[in-house]
Amino acid sequence: MSSSDKSPVIMLMKCSAGHLSLSSSLESCAVNNGGCDRTCKDTATGVRCSCPVGFTLQPDGKTCKDIDECEENNGGCDHSCRNTVGSFECSCQKGYKLLTDERTCKDTDECSFERTCDHTCINYPGSFECLCNKGYILYGLTHCGDIDECSINNGSCEYGCINTQGSYECVCPPGQKLHWNKRDCIEAVKCLPNGKPAPRAQLICTKTGGTEVCSVSCPSNALFLPSDTLANSCEVNKKIIKTTLCFFLLWTNTDPLATPIKEFAKLKLKDAKCHLSPRTKERLRDPSPQNLQGGQFLCTDDCQVTFVNLKCDSSKKRRRGRKSPSKEVSIISAEFEIEMKEEEASDSCNIDCVRKKTRNKLASAMRTLRRSIIKQQFYIQFSGTEYEVAQKPVRTLEGGETCSTGQVFHDGKCVSCGAGTFYSGEQEQCVQCPPGTYQDMEGQLTCEPCPSTEGQGIVGAKNVSQCGGQCPPGQFSTDGFRPCRPCPLGSYQPEPGRVLCFPCGGGLLTKYEGSVTFRDCEAKVHCAPGHFYNSSTHRCIRCPAGTYQSEFGQNYCINCPGNTTTDFDGATNVSHCKNQLCGGEVGEYTGYIESPNYPGDYPSNVDCVWTISPPHKRRILIVVPEIFLPIEDECGDVLVMRKSAVPTSITTYETCQTYERPIAFTSRSRRLWIQFKSNEANSGKGFQVPYVTYDEDYQQLIEDIVRDGRLYASENHQEILKDKKLIKALFDVLAHPQNYFQYTSAESKEMFPRSFIRLLRSKVSRFLRPYS
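Each residue of the sequence shown is one higher than the last, beginning at 1 in UniProt numbering.
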């Protein structure tokens, strides 16, 4: 039989009863991988198939099937689990980041990033919230702009309104001044009301047992002012005392014939400070001064002290020609003005004679005053408390400083008594204002009486509104306190404590007396948000561009906050107010560009241009974490990056669409000209694009990193390019390679997922190892 006629040899093997075995030569991994899906191994009994991690061998002993790890306990993932071929991947919800164990999700603290919020940032699990300071309103999700209160019903001011940053103030016409409610205008109090004598200041000097003591007593309604405000002022019930500067300005007689008699004294105190402090209890036991002025000087009905100026000025002077420590020198200047009544002149002593005698008496009194000051026997009586002008303060701090009047020593430093309190010289501590009084300033020595005579209000009232007894909204009175009257028909009042009600205008009436809002006025038309009611034409008018109105039935529109404006008229929400400025910070090594109003929607018809010019021998790396441009308007909004403004120059990047997947790329040119333009059709969140410049010697390294598909394959790697802290760390290494080793420590390794470290290790170490 020829070889061609040979047939396979069939071998019959003895088997157990009922079975027949046919066999040929044994299988081998060399032939078709032994029929195995993955790994094949030859054994004495034949091939043995096995599967890599992440797969399981099927019953046929040949096939490998992917294990879906997500089916069991969600793969151990905190949030989402995505099965991949041979493995799986955990990911986190928005607002969370995956820790380096690649299982656990941790809240992203957005408040720890730079520029998250303009004012206050509050972090929440998976989110955050921006809050604005008082007088500001939120726009563009994270920005704060000044509220123009004057655009809201004229700030509720009766006359004029002036907007300021974070606040506003009402103003009154000449001849009127603001009411205590800071809204209404009332007639100004004249300096010398008819029939009321001018208050007097008394200079009193006494001599007891050979000791001369002088004091100045000022009426409770005298005005205490610092030197730079001395003028023809007139105020009632206001008292201000400045440490080491004590000025007492009293009512001035308006009689032009009564020319004041002036006397000025000046003395120096060496190695001492002039200090105004409450008179000590020991000194308060001194005999009360009699109305016996020094030098037989007596100012009674024939004259009056109209002006007192006491100034304490301390300075350090060094002795000439000697290297000695500086000496403290205090200068106390005392100036008095006295007016004589012209009718005191007689045939035996004319006007000049009377003036001469008075001047001599005052000069004698000033000499006595000088002696009493030097001996620290001079006092100032103010608001029922005596203060002494002493060379040494009551309390001296470690640095040699003294606590000012109205302050207490607390925790190693001087602290002013807060609003709602006053400094008690008797108790030497801050005391809360009793009911029926208030104090809206710090460091004061008394509390102001409430306008209401009912003595109501809380203890420690910080402003007039806490005095109690005010007229409620919808009512008014002559002083803003009870008894009150309801606003008559055709008027309304939304605030408490007012002296008037606002008219509806245009002859409109209200539904009832005591109305509290313009919406109670029976307007001809009920205006929708984005409109305001014109009382003259009785029509609804669209809010002009740059304003908005979110409520129904209002008679005003609100100006957009800060420098923002709207894209159109008839805006219904502050979110329509947008910042028009192109954002970003362009630096030599790192920086970013930002669409206007980011992360709020960008405005229409913007044209932003940025230019990045890196230093010599440096190139540009750009990361676009995400970009939101509506595609619906056929590429009306475009971001383009190229070498120059010339349209035909080398283009690095251009898009008019939304991409939530990050991308990193190097500039095709050494210099980048970037432009963002938008039309009127649509709007979106826009973009915030960071960049870094790197040494061109590492061009190959950077290209190797950004072109590796594994950088974008994992959602967690994508999140690195979106995380502001991680991208900042990555940029730091690329901009300054020597800083790489700061991020190789065990602590810094915890910043990045292990998979990301593995991706970069081989790439980076080849280039940066020489720096170790």
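Beta carbons: idealized from backbone N, C-alpha and C, even for Gly. Predicted model only: the values in this text are computed from it and were never measured.
query	result
Just to confirm the assignment, what range does the alpha helix (DSSP H) spanning residue 703 have?	699–706
Label residue 759 either buried or exposed according to how many other C-beta atoms from any shown protein chain fall within 10 Å of its C-beta, with 16 as the threshold for buried.	buried
In the UniProt domain "CUB" (582–694), which residue ranges form an unbroken beta strand (DSSP E) of at least 3 residues, counting only runs that do not cross its ends?	583–586, 590–594, 607–612, 618–624, 638–642, 651–655, 663–666 and 672–677
Starting from residue 88 and walking both ways along the beta strand (DSSP E), at which residues does that stretch end?	87–91
Can you list, in chain order, the residues of its chain with a C-beta nearer than 8 angstroms to that of residue 561? Leave out the 5 residues immediately preceding and following it.	136, 137, 139, 144, 145, 146, 147, 148, 574 and 577
With a threshold of 8 angstroms, are at least 3 pairs of Cβ atoms found where one atom belongs to the stretch 167–187 and the other to the stretch 487–503?	yes
Between which two residues does the alpha helix (DSSP H) carrying residue 423 extend?	Residue 423 -> not in any alpha helix (DSSP H); beta strand (DSSP E) instead, spanning 421–424.
For residue 168, which of helix, strand or coil comes out of DSSP?	strand
Strictly under 8 angstroms for the Cβ-Cβ distance: is residue 171 near chain B by that measure?	The question asks about chain B, but that chain is absent: this structure has only one protein chain.
DSSP three-state label for residue 523, please.	coil
May I ask you to report which of helix, strand or coil DSSP gives residue 64?	strand
Taking the alpha carbon of residue 159 as the reference point, which residue from 167, 176 and 166 has its own alpha carbon closest?	176
What's the gap between the Cα of residue 444 and the Cα of residue 463?	14 angstroms
With a threshold of 16 other CB atoms inside 10 Å of the CB of residue 791, please say whether the residue is buried or exposed.	It is not possible to answer for residue 791, since the shown part of the chain is limited to 1 through 772.
Using CA coordinates, which residue listed in 71, 73, 51 and 72 is at the minimum distance from residue 63?	51
Among residues of its own chain, excluding the 5 on either side of residue 588, which ones have a beta-carbon nearer than 6 angstroms to its beta-carbon?	615
Could you tell me the distance, in whole angstroms, from the CA atom of residue 532 to the CA atom of residue 504?	13 angstroms
Please report the residue range of the alpha helix (DSSP H) in which residue 458 lies.	Where residue 458 is concerned, there is no enclosing alpha helix (DSSP H), given that its DSSP letter is neither H nor E.
Classify residue 694: buried if its beta carbon has 16 or more other beta carbons within 10 angstroms, exposed otherwise.	buried
Do three or more CB pairs link the stretch 644–655 to the stretch 695–706 at distances below 8 angstroms?	no
Apart from the five residues just before and just after residue 607, which ones in its own chain have a Cβ nearer than 7 angstroms to its Cβ?	677
Could you tell me which residues DSSP pairs with residue 696 in its beta bridges?	Answer is none; residue 696 lacks a bridge partner.
Excluding the 5 residues preceding and the 5 following residue 93 in the sequence, name in chain order all residues of the same chain whose CB lies nearer than 8 angstroms to its CB.	79, 80, 105 and 126
Three-state secondary structure (DSSP) at residue 104?	coil
Take residue 671 and list the residues in its own chain whose beta-carbon comes closer than 6 angstroms to its own, dropping the five residues that flank it on each side.	613
If you compare alpha carbons, which of 420, 112 and 124 is closest to residue 448?	420
Is it buried or exposed, residue 593, if we count other Cβ atoms within 10 angstroms and call 16 or more buried?	buried
Just to confirm my understanding: we take residue 718, look at its own chain, exclude 5 residues before and 5 after, and list those with CB closer than 7 angstroms. What are they?	661, 662 and 712
Does DSSP put residue 137 in a helix, a strand or coil?	strand
Pick from 451, 473 and 407: whose alpha carbon is nearest that of residue 441?	407
Buried or exposed: where does residue 124 fall if 16 or more other Cβ atoms within 10 Å of its Cβ makes it buried?	exposed
Can you name the start and end residues of the beta strand (DSSP E) that residue 41 belongs to?	39–43
Taking residue 515 as the reference, which of 501, 26, 451 and 61 has the closest Cα?	501
Quick check: what's the CA-CA separation for residue 706 versus residue 665?	6 angstroms
I need the boundaries of the beta strand (DSSP E) containing residue 539, first residue and last residue.	539–542
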